[in-house]
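Q: Numbering (the numbering used here), first residue to last: 77 to 259. Even glycine gets a Cβ: it sits at the ideal position worked out from N, Cα and C. Take a look at this one; I'll ask things after.
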């Protein structure tokens with residue numbers, strides 16, 4: 077199976093052992109969508125896109141690595157025009173993208189979450205919804221793992237992210253070979 081490991085920032089993978097096919101997108105939904113779209117256009121033989129990254133947690137008791145299966149673009153709000161919250165106007169299948177109904181829910185927004193967003197989610201990031209949508213359009217299998225590096229609204233989130241992001245790489249590394257079928 078041909079795969080690509082998609083990560084926003086190189087520093088989110090610092091310390092990963094081994095040689096992997098990695099694509100760095102930069103931060104945010106637009107950068108993620110553009111970079112992955114270009115890559116998949118140039119590499120149509122890719123079967124699997126794996127997203128790894130850090131995320132802000134909602135529940136202080138839920139920490140560590142989460143397998144994400146549901147993705148919501150949480151800063152999309154056109155209810156004033158008659159659309160559902162989180163629905164992209166004039167699209168029917170994008171209020172929530174589900175790739176694994178057993179997975180956790182991640183809200184994606186183009187800002188660092190310092191307050192818990194409206195609705196139900198387990199974590200918040202800045203790229204995964206866009207990556208899931210590109211995979212939906214390109215008919216590619218998508219898997220996503222998020223490490224809870226900080227808790228939204230608690231402590232010094234920036235310092236927590238800096239201090240904890242390396243722990244996520246260690247946890248992710250233990251499951252990566254299973255994700256790409258090398259075990």
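Specify the secondary structure class of residue 146 as computed by DSSP and reduced to three states.
A: Three-state result, residue 146: strand.
Q: Mind listing, in chain order, the continuous alpha helix (DSSP H) runs of no fewer than 4 residues lying wholly within the stretch 148 to 218?
A: For the stretch 148 to 218, whole alpha helix (DSSP H) runs of length 4 or above, ordered along the chain, are 204 to 214.
Q: Would you list the residues sitting across from residue 226 in a DSSP beta bridge?
A: 132, per the DSSP bridge assignment.
Q: Between the Cα of residue 171 and those of 232, 177, 161, 180, spot the shortest distance and give me the residue it belongs to.
A: Looking at the Cα atoms, 161 is the closest of the given residues.
Q: My understanding is that residue 129 touches residue 222, with C-beta atoms under 8 Å, so please give their C-beta distance in whole angstroms.
A: Between residue 222 and residue 129 the Cβ distance is about 6 Å, and since that is below 8 Å, they are a contact.
Q: Thinking C-beta only, is residue 103 closer than 9 Å to residue 203?
A: Yes. Within cutoff.
Q: Taking only runs that begin and end inside the stretch 90 to 138, name each unbroken alpha helix (DSSP H) of 4 or more residues, in chain order.
A: The qualifying runs are 105 to 118.
Q: May I have the straight-line CA-CA distance separating residue 259 from residue 109, to the nearest angstrom?
A: At residue 259, the pLDDT of 44 sits below 50, so the modelled position is not reliable; the number obtained from the coordinates is stated separately. The straight-line gap from Cα to Cα measures roughly 30 Å.
Q: Could you pull the start and end residues of the alpha helix (DSSP H) that residue 252 belongs to?
A: That run of the alpha helix (DSSP H) goes 233 to 256.
Q: Taking the beta carbon of residue 198 as the centre, do at least 16 other beta carbons fall within 10 Å, making it buried, or is it exposed?
A: The residue in question, residue 198, is buried, as its Cβ has 16 or more Cβ neighbours within 10 Å.
Q: First and last residue of the beta strand (DSSP E) that includes residue 81?
A: Here the beta strand (DSSP E) through residue 81 covers 79 to 83.
Q: Between the C-alpha atoms of residue 246 and residue 94, what's the straight-line distance to the nearest angstrom?
A: The alpha-carbon atoms of residue 246 and residue 94 are separated by roughly 12 Å.
Q: Evaluate residue 90 with the Cβ neighbour count: other Cβ atoms within 10 Å of its Cβ, from every protein chain shown; 16 or more gives buried, anything less gives exposed.
A: By the neighbour-count rule (16 or more Cβ atoms within 10 Å), residue 90 is not buried but exposed.
Q: If you drop the 5 nearest sequence neighbours on each side, which residues of the same chain put their C-beta closer than 8 Å to that of residue 159?
A: Within the same chain, residue 159 has close Cβ partners 165.
Q: Taking residue 142 as the reference, give the member of 236, 106, 84, 244 with the closest Cα.
A: Among 236, 106, 84, 244, the Cα nearest to that of residue 142 is on 244.
Q: With a Cβ-Cβ cutoff of 9 Å, do residue 216 and residue 176 count as a contact?
A: No. Outside cutoff.
Q: Whole angstroms is fine: what's the gap from residue 228's alpha carbon to residue 121's?
A: Approximately 38 Å, taken between the alpha carbons.
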